[in-house]
Ligand SMILES: Nc1ncnc2c1ncn2[C@@H]1O[C@H](COP(=O)(O)OP(=O)(O)OP(=O)(O)O)[C@@H](O)[C@H]1O
Ligand SMILES: Nc1ncnc2c1ncn2[C@@H]1O[C@H](COP(=O)(O)OP(=O)(O)OP(=O)(O)O)[C@@H](O)[C@H]1O
Ligand SMILES: [Mg+2]
Ligand SMILES: [Mg+2]
């Protein structure tokens, strides 16, 4: 399998009132033409890992890595100008806050058209047709209206689907999707995931799928990294996630409410300080 | 008498070719101390119903009542001490240049509390955020941490009705468990009433006794939680939704 991304000892650090805070503490993994899930509790560094790959950590935050390569090219050494080309054309990211990443004073349609034309140089007419096609693909019922609308006029799940349409329209090699379907009903979620799935299997796209939904990751992804406090504590095949052994992963699995098995109280994690101290597990295959 | 009631509520936006009938003739009632769930298609009008209740949509018809009192264009004095909402989009609902301390402090001030310092500490603890987060700005928080600040702010005035729009969709499953336990405790000790929107059917079933299912602006079915757990819906859309809830399974046609 072709290696798309190769990452070694990635670190993200922020200065805070209490001193330096390491949000990502030396993670290593690679990505092929596969669906790689990243799960882990809130604040464990999932989003910062995704953003660091695209060099989207704003100062005073800092990123270091022994290796951060896209198809053999060193991303750390690239100029900001080259990075702009990489973003969108090679690697796209669907951010966790879709509406926040859309321009609030620009029509939805213009935004999709602009990004498509920037990367492909297509005509306005072709870009319009492509945008409509993408919105239909993500199950937007009335794409003409949505094209003319502003982001605040969209529901939560429509905002997410617009972001996904916008990130896929340039047919990137890698998609980093940060909680891309958390605002979608399960039925639309299946439709949207099947589009992404097809791009992975037919076009060999690499997918990093960040999600809190353990059942979804188990059924949708190929491989999973489980993060805790900025490190990888365990990796496994996605369909074996329910057999994971690390007590942290077990704790996450046990805190899920279940439709078929009502409980009066849910079980929250009991953290062990040793989890933070253990070295990061290598996520390279 | 119901704590919360809507009758034949319709909400629309825009006009002519851009007109959207976001909610069409919706009716339901929530007794005091109960939890009522809203689930359904993305874009079907769930958030719009909550926004209409707190007075954030200009064009609607039908009836909305709190404790039998008809709501009109303006919300009565004291309404927001009693009724609070947690918005779907935590980023947009927090002021980017206000620290967590300012967000909570201002809300407490506005509602006339005096022991503000202690209350901020307690609220942060309730939602599982340590004191280190008190002076951070929204952009210095992860998605789930921001959502917890939004929940803490809604709890600050000690409301008796909470409108929760996807309150746990940005949270990891352990914090979700803590927040749901907290909400259940508060419902017990303070007899709170919840109206809750979620795409996670297991979460809705855990919290709610009755659930309305929406599709394209309409409530297609109101079901008891037992029927939901037993997967015995009345409406085909509900059946479709329940079947899709069992993880990702590509359909025949999609997987070829
Ligand atoms: N600008 C910043 N300054 C200080 N700390 C920050 C900053 N940005 C993020 N952090 C911290 O970095 C840690 C990792 O954040 P990240 O957004 O990667 O979490 P996450 O795993 O995506 O969590 P969630 O599931 O809640 O989105 C968090 O504890 C967060 O508070
Ligand atoms: N301010 C607005 N202007 C125009 N249309 C709007 C506005 N707010 C909502 N709508 C439209 O109303 C419909 C219902 O939106 P709503 O946000 O209530 O959906 P929802 O059920 O909460 O969906 P989701 O699960 O995706 O959040 C959508 O078609 C949306 O585009
Ligand atoms: Mg995140
Ligand atoms: Mg909504």
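Protein chains in written order, with the numbering used here: chain G, 1 to 285; chain F, 1001 to 1256.
Ideal Cβ positions, reconstructed from N, Cα and C, are used throughout, including at glycine.
In this text the structure is predicted, and so the values were computed from the model without any measurement.
At which residues does the alpha helix (DSSP H) containing residue i begin and terminate?
i: residue 1196 of chain F; result: Looking at the DSSP string, residue 1196 of chain F is not in any alpha helix (DSSP H); the run it does join, the beta strand (DSSP E), is 1193-1197.
i: residue 108 of chain G; result: 108-120
i: residue 189 of chain G; result: 186-203
i: residue 1080 of chain F; result: 1079-1082
i: residue 80 of chain G; result: 80-89
i: residue 178 of chain G; result: Here residue 178 of chain G belongs to no alpha helix (DSSP H); instead the beta strand (DSSP E) covers 174-178.
i: residue 41 of chain G; result: Element bounds for residue 41 of chain G: n/a, residue is neither H nor E.
i: residue 1100 of chain F; result: 1100-1110
i: residue 62 of chain G; result: Per DSSP, residue 62 of chain G belongs to no alpha helix (DSSP H); it is in the beta strand (DSSP E), 62-64.
i: residue 70 of chain G; result: Segment 67-70 is the beta strand (DSSP E) holding residue 70 of chain G; no alpha helix (DSSP H) there.
i: residue 170 of chain G; result: Unbroken run through residue 170 of chain G: none, as it is neither H nor E.
i: residue 1153 of chain F; result: 1143-1155
For residue i, which of helix, strand or coil comes out of DSSP?
i: residue 209 of chain G; result: strand
i: residue 101 of chain G; result: helix
i: residue 1255 of chain F; result: Here the model assigns residue 1255 of chain F a pLDDT of 42, short of 50, so the residue's position is not dependable, and the following value carries that caveat. It is helical.
i: residue 129 of chain G; result: helix
i: residue 1007 of chain F; result: strand
i: residue 1026 of chain F; result: strand
i: residue 1039 of chain F; result: strand
i: residue 1244 of chain F; result: helix
i: residue 156 of chain G; result: helix
i: residue 6 of chain G; result: strand
i: residue 270 of chain G; result: coil
i: residue 1209 of chain F; result: coil
i: residue 228 of chain G; result: strand
i: residue 1133 of chain F; result: helix
i: residue 1249 of chain F; result: coil
i: residue 1171 of chain F; result: coil
i: residue 1070 of chain F; result: strand
i: residue 1085 of chain F; result: strand
i: residue 1218 of chain F; result: strand
i: residue 1047 of chain F; result: helix
i: residue 92 of chain G; result: strand
i: residue 1021 of chain F; result: strand
i: residue 1223 of chain F; result: strand
i: residue 283 of chain G; result: strand
i: residue 1056 of chain F; result: coil
Considering residue i, what are the terminal residues of the beta strand (DSSP E) in which it resides?
i: residue 1065 of chain F; result: 1060-1066
i: residue 17 of chain G; result: It is not in any beta strand (DSSP E) - residue 17 of chain G carries neither H nor E in the DSSP assignment.
i: residue 1161 of chain F; result: 1161-1165
i: residue 256 of chain G; result: No beta strand (DSSP E) contains residue 256 of chain G, which DSSP labels as neither H nor E.
What residues from chain G crowd round residue i, counting only those whose CB sits closer than 8 angstroms?
i: residue 1233 of chain F; result: What residue 1233 of chain F touches in chain G: nothing, since even the nearest Cβ is about 13 angstroms away.
i: residue 1013 of chain F; result: 153
i: residue 1221 of chain F; result: None at all; the shortest Cβ gap to chain G is about 14 angstroms.
Restricting to Cα atoms, I'd like to know which of the options is closest to residue i.
i: residue 252 of chain G; options: G:260, G:259, G:242; result: G:242
i: residue 1173 of chain F; options: G:215, G:3, G:102; result: G:215
i: residue 268 of chain G; options: G:274, G:221, G:256, G:260; result: G:256
i: residue 1197 of chain F; options: F:1072, F:1096, F:1213; result: F:1213
i: residue 1019 of chain F; options: G:272, G:204, G:181, G:153; result: G:153
i: residue 33 of chain G; options: G:71, G:58, G:66; result: G:71
i: residue 112 of chain G; options: G:151, G:201, G:188; result: G:151
i: residue 231 of chain G; options: G:64, G:25, G:260, G:21; result: G:25
i: residue 58 of chain G; options: G:65, G:14, G:90; result: G:14
i: residue 164 of chain G; options: G:187, G:23, G:144, G:195; result: G:195
i: residue 1003 of chain F; options: F:1246, F:1161, F:1237, F:1166; result: F:1161
i: residue 184 of chain G; options: F:1179, F:1068, F:1244; result: F:1244
i: residue 1128 of chain F; options: F:1116, F:1109, F:1117, F:1150; result: F:1150
i: residue 237 of chain G; options: G:21, G:23, G:39, G:116; result: G:39
Quick one: which chain F residues come within Cβ less than 7 angstroms of residue i?
i: residue 235 of chain G; result: What residue 235 of chain G touches in chain F: nothing, since even the nearest Cβ is about 18 angstroms away.
i: residue 260 of chain G; result: 1229
i: residue 215 of chain G; result: 1247
i: residue 17 of chain G; result: 1135
In chain G, which residues lie with their C-beta within 9 angstroms of the C-beta of residue i?
i: residue 1285 of chain F; result: Any answer about residue 1285 of chain F is impossible in this case: the structure gives chain F only from 1001 up to 1256.
i: residue 1154 of chain F; result: What residue 1154 of chain F touches in chain G: nothing, since even the nearest Cβ is about 17 angstroms away.
i: residue 1041 of chain F; result: 157, 185, 187, 188
i: residue 1127 of chain F; result: Correct list: empty, because the minimum Cβ distance to chain G is about 11 angstroms.
At 9 angstroms on the CB atoms, spell out the chain F contacts of residue i, in chain order.
i: residue 179 of chain G; result: 1143, 1169, 1170
i: residue 33 of chain G; result: The premise fails here: residue 33 of chain G is roughly 17 angstroms from chain F at the closest Cβ pair, so nothing lies under 9 angstroms.
At 7 angstroms on the CB atoms, spell out the chain G contacts of residue i, in chain order.
i: residue 1036 of chain F; result: By Cβ distance, chain G contributes nothing, its closest Cβ being about 17 angstroms from residue 1036 of chain F, past 7 angstroms.
Discussion item. If you measure from each CB to the nearest heavy atom of ligand 6 and keep those under 5 angstroms, what residues do you get, in chain order?
Written reply: You won't find ligand 6 in this model; what it holds is ligand 1, ligand 2, ligand 3 and ligand 4.
Discussion item. Output needed in chain order: residues of the region 89-111 of chain G with a Cβ under 7 angstroms from some Cβ in chain F.
Written reply: Those residues of the region 89-111 of chain G that come within reach of chain F (Cβ to Cβ, closer than 7 angstroms) are 96, 97, 99, 100.
Practice prompt. Give the residues from the region 62-87 of chain G that approach chain F closer than 7 angstroms (Cβ to any Cβ), ordered along the chain.
Written response: Taking 7 angstroms as the cut-off between beta carbons, none of the residues of the region 62-87 of chain G comes near chain F.
Practice prompt. Compile a chain-ordered list of the residues in the region 1074-1104 of chain F whose CB is closer than 7 angstroms to at least one CB of chain B.
Written response: Absence of chain B from the displayed structure is noted, the protein chains being G and F.
Item to complete: Identify each residue in the region 189-211 of chain G for which the Cβ-Cβ distance to at least one residue of chain F is less than 7 angstroms, and report them in chain order.
Response: Residues 190, 193, 194, 197.
Discussion item. What are the residues in the region 1185-1203 of chain F lying within 7 angstroms of chain G by C-beta distance?
Written reply: Of all residues in the region 1185-1203 of chain F, those with a C-beta nearer than 7 angstroms to a C-beta of chain G are 1199, 1201, 1202, 1203, reading in chain order.
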